[in-house]
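Heads up, the sequence shown stops at 209 in our numbering, and the numbers go up one at a time, no gaps. Built from N, CA and C at the ideal position, the CB exists for glycine as well. The structure displayed is predicted, hence computed values, not measured ones. What follows is a set of notes on a single structure, which appears directly below.
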Amino acid sequence: MIIVDLSSSRGVSPAIGTILMVAVVVVLAATISVFALGFLNDLNQPAPMVAQSSGDLVYDRPGSNDQIVRLTHVAGDDLAVSELEIVVDATDACGKESRIVSLPTNTLGSANYNGDDIFAYYSPDGGQLDTSADGTWSAGGTATFRIASSECEINEGDTITIRVVHTPTNSVIIKETLTAT
Numbered sequence: 029m030i031i032v033d034l035s036s037s038r039g040v041s042p043a044i045g046t047i048l049m050v051a052v053v054v055v056l057a058a059t060i061s062v063f064a065l066g067f068l069n070d071l072n073q074p075a076p077m078v079a080q081s082s083g084d085l086v087y088d089r090p091g092s093n094d095q096i097v098r099l100t101h102v103a104g105d106d107l108a109v110s111e112l113e114i115v116v117d118a119t120d121a122c123g124k125e126s127r128i129v130s131l132p133t134n135t136l137g138s139a140n141y142n143g144d145d146i147f148a149y150y151s152p153d154g155g156q157l158d159t160s161a162d163g164t165w166s167a168g169g170t171a172t173f174r175i176a177s178s179e180c181e182i183n184e185g186d187t188i189t190i191r192v193v194h195t196p197t198n199s200v201i202i203k204e205t206l207t208a209t
């Protein structure tokens, strides 16, 4: 007959010690990885949402050589103009593409676009992209710029695609395909 001494806890101590040691290591590893890898700081903020937009591509006035692009922010979040870039894809119309950068601006010189030179220098004509505006493109506001026909001839029926990019999130928040009228 085997007599067991129930008051002895010798066999239990190493098992509990091992379990506690593993738990401490797991908690420390998780804590260090959160701070070292920056998971808390890298949570992406969502891009602003533009629920509805519209656009026009028209000639400035009869006999004019410039085409005006008007984008209207119809509904959605307010947009900080300094966080936007506008991509103009006119490859179907004239084989050129450009990106308006460094907004807001009074003119569209070489410091304000990347890609092909298709813009009329005297843009954006006082719209939401102009430095005279308050720097916020809100619902109801219109952004305007000119495409010089001497650089990119767009004929009636030609289409161009305009994308407004929110640079902090690199998200396209407005995309309009416009047909020249």
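Check, Outcome
"If I follow the unbroken beta strand (DSSP E) through LEU142, where does it start and stop?", "Inspection of the sequence shows that residue 142 is occupied by Asn rather than by Leu. Counting along the chain, the beta strand (DSSP E) containing ASN142 begins and ends at 141-143."
"So LEU99 is in the beta strand (DSSP E); what residue range does that whole segment cover?", "94-104"
"To which residues of the same chain is THR189 closer than 6 Å at the C-beta, ignoring the five residues directly before and after it?", "ASP117, THR205"
"Does DSSP classify ILE60 as helix, strand or coil?", "helix"
"DSSP state of ILE182, grouped into three classes?", "coil"
"Using a Cβ distance threshold of 8 Å, determine whether the segment 138-146 contacts the segment 119-130, with at least three qualifying pairs required.", "yes"
"Compare the Cα-Cα distances from SER199 to each of ARG174, GLN95, GLN73 and report the closest residue.", "GLN73"
"Ends of the beta strand (DSSP E) at SER126?", "124-128"
"Give the secondary structure of SER166 by DSSP, where H, G and I count as helix, E and B as strand, and everything else as coil.", "coil"
"Candidates GLY155, ASP162, VAL78, GLU181: which alpha carbon is nearest THR172's?", "GLY155"
"Hey, how far is the Cα of THR187 from the Cα of ILE96?", "13 Å"
"If contacts are defined as beta-carbon pairs under 8 Å, then TYR149 and LEU136 qualify, I think. What distance do you get, rounded to the angstrom?", "6 Å"
"Is the distance from the Cβ of VAL193 to the Cβ of LEU107 below 8 Å?", "no"
"Three-state secondary structure (DSSP) at ALA108?", "strand"
"Whole angstroms is fine: what's the gap from ASP105's alpha carbon to ALA43's?", "58 Å"
"In this structure, does DSSP put ALA205 in helix, strand or coil?", "Per the sequence shown, the amino acid found at residue 205 is Thr instead of Ala. Three-state result, THR205: strand."
"Quick one: Cα of GLY185 to Cα of ASP94, how far?", "16 Å"
"What is the rounded straight-line gap between the Cα of LEU99 and the Cα of ALA161?", "15 Å"
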